[in-house]
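Letter by letter, the sequence shown follows residues 9 to 174 of my numbering. Glycine residues also receive a C-beta, built at the ideal position from the N, C-alpha and C atoms.
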Amino acid sequence: MSRTELLAAAIETHQFRTKIVHVSSDLMRNFLLCCIGALFLCQVQIVLGSERIYNEQELQRGKYLFQNKCAVCHGQNGEGTVTNWQQRDEQGKLPPPPLNGTAHTWHHSIPVLFRTIKEGTGSLGGSMPAWDGELSDDEILLIINWITSLWSDEIYNTWRDKIASQ
Ligand code: HEC
Numbered sequence: 009m010s011r012t013e014l015l016a017a018a019i020e021t022h023q024f025r026t027k028i029v030h031v032s033s034d035l036m037r038n039f040l041l042c043c044i045g046a047l048f049l050c051q052v053q054i055v056l057g058s059e060r061i062y063n064e065q066e067l068q069r070g071k072y073l074f075q076n077k078c079a080v081c082h083g084q085n086g087e088g089t090v091t092n093w094q095q096r097d098e099q100g101k102l103p104p105p106p107l108n109g110t111a112h113t114w115h116h117s118i119p120v121l122f123r124t125i126k127e128g129t130g131s132l133g134g135s136m137p138a139w140d141g142e143l144s145d146d147e148i149l150l151i152i153n154w155i156t157s158l159w160s161d162e163i164y165n166t167w168r169d170k171i172a173s174q
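What follows is the structure, given as structure tokens:
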């Protein structure tokens, strides 16, 4: 998949529905700005801006796939399975990190997360297995979608606004 196709697919799996909510909340804010006072509007924007919409069916599918394929190394809810995910082993390899927003994962864009899951990190000297052939592209996107649902609003919003589509 090319980068553009990937983002288009992510939009299809509703990864970016929240972005649409975000944009419309900006429109809403401008509209309200004309009508009411700036103070009230700040509050409205904070509430609308942090709204996150997930399709429940897609979320459950992503969770199911994750718990069957990934949880053995990354924990049932992405909490990780090691005490220190930054501690390399004797071969210099990193252990599986938590994916629930407490480690580094949210610093990666959708294309990077997608590639990491599809191709693994073997070629980079790591030990994350490749899932190409085992999971379809759509399934990978559904898993990424579910992983992002584990993140706090603060982390999710930063990722969505600055990192997701890089
Ligand atoms: C056999 C253990 C194992 C399984 C199973 C596994 N992973 Fe990993 N994963 C790892 C390891 C080890 C790393 C760290 C690799 C590295 O840094 O090179 C990693 C890294 C990652 C990263 C990058 C995290 C970051 O912060 O950079 C993501 C995303 C990820 N895995 C997602 C998944 C998903 C999704 C699945 C299931 C489809 C999965 N992993 C299954 C071992 C595993």
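By a C-beta neighbour count over all protein chains shown, 10 Å radius and 16 as the cutoff for buried, is residue 168 buried or exposed?
Walking along the sequence shown from the start, residue 168 turns up at place 160. Looking at its Cβ environment, which holds 16 or more other Cβ atoms inside 10 Å, residue 168 is buried.
Counting only C-beta atoms, is residue 64 closer than 8 Å to chain B at any point?
Among the chains in the structure shown there is no chain B, since it carries only a single protein chain.
State whether the stretch 105 to 117 contacts the stretch 139 to 148, with contact taken as three or more CB pairs (one from each stretch) at a distance under 8 Å.
In the pairwise beta carbon analysis, the stretch 105 to 117 is classified as not touching the stretch 139 to 148: fewer than three pairs are separated by under 8 Å.
Tell me whether residue 102 counts as near ligand 1, meaning its Cβ is closer than 7 Å to at least one heavy atom of that ligand.
Walking along the sequence shown from the start, residue 102 turns up at place 94. Yes, the Cβ of residue 102 comes within 7 Å of a heavy atom of ligand 1.
What do you reckon, are the CB atoms on residue 73 and residue 108 nearer than 8 Å?
In the sequence shown, the residue the question calls residue 73 occupies position 65. In the sequence shown, the residue the question calls residue 108 occupies position 100. For residue 73 and residue 108, no; Cβs fall outside 8 Å.
Could you say if the stretch 73 to 87 and the stretch 99 to 107 meet the contact criterion of at least three C-beta pairs nearer than 8 Å?
yes
Note down the Cα distance separating residue 152 from residue 120, rounded to an integer number of angstroms.
Start at 1 with the first residue of the sequence shown, and residue 152 comes out as number 144. Start at 1 with the first residue of the sequence shown, and residue 120 comes out as number 112. Answer to the nearest angstrom: the Cα atoms are 11 Å apart.
Pull the bridge partners of residue 143 from the DSSP assignment, please.
Position 135 of the sequence shown holds residue 143. BP columns for residue 143 point to 140.
Got a sec? Which residues, its chain only, sit under 6 Å from residue 18 by beta carbon, not counting five neighbours each side?
Your numbering for residue 18 matches position 10 in the sequence shown. 118 and 149.
Say yes only if the C-beta of residue 90 is nearer than 7 Å to one or more non-hydrogen atoms of ligand 1, and no if none qualify.
For this step, residue 90 is matched to residue 82 along the sequence shown. Flag unset: Cβ of residue 90 not near ligand 1.
State the DSSP-derived secondary structure class of residue 6, mapped to helix, strand or coil.
This structure does not reach residue 6, given that the chain is present from 9 up to 174, and the question cannot be answered.
Taking the beta carbon of residue 61 as the centre, do at least 16 other beta carbons fall within 10 Å, making it buried, or is it exposed?
For the purposes of this step, residue 61 is taken as residue 53 along the sequence shown, with counting starting at 1. With fewer than 16 Cβ atoms within 10 Å of its Cβ, residue 61 is classed as exposed.
Assigned secondary structure, residue 172 (DSSP; H/G/I helix, E/B strand, else coil):
Here residue 172 is taken as the residue at index 164 of the sequence shown, counted from 1. Looking at residue 172 - three-state DSSP - the assignment turns out to be coil, as it is neither helix nor strand.
From residue 89 to residue 172, what does the alpha carbon distance come to, in whole angstroms?
In the sequence shown, the residue the question calls residue 89 occupies position 81. In the sequence shown, the residue the question calls residue 172 occupies position 164. Cα to Cα, residue 89 sits roughly 25 Å from residue 172.
Where does the unbroken alpha helix (DSSP H) through residue 165 begin, and where does it stop?
Start at 1 with the first residue of the sequence shown, and residue 165 comes out as number 157. 161 to 166 is the span of the alpha helix (DSSP H), which, as asked, contains residue 165.
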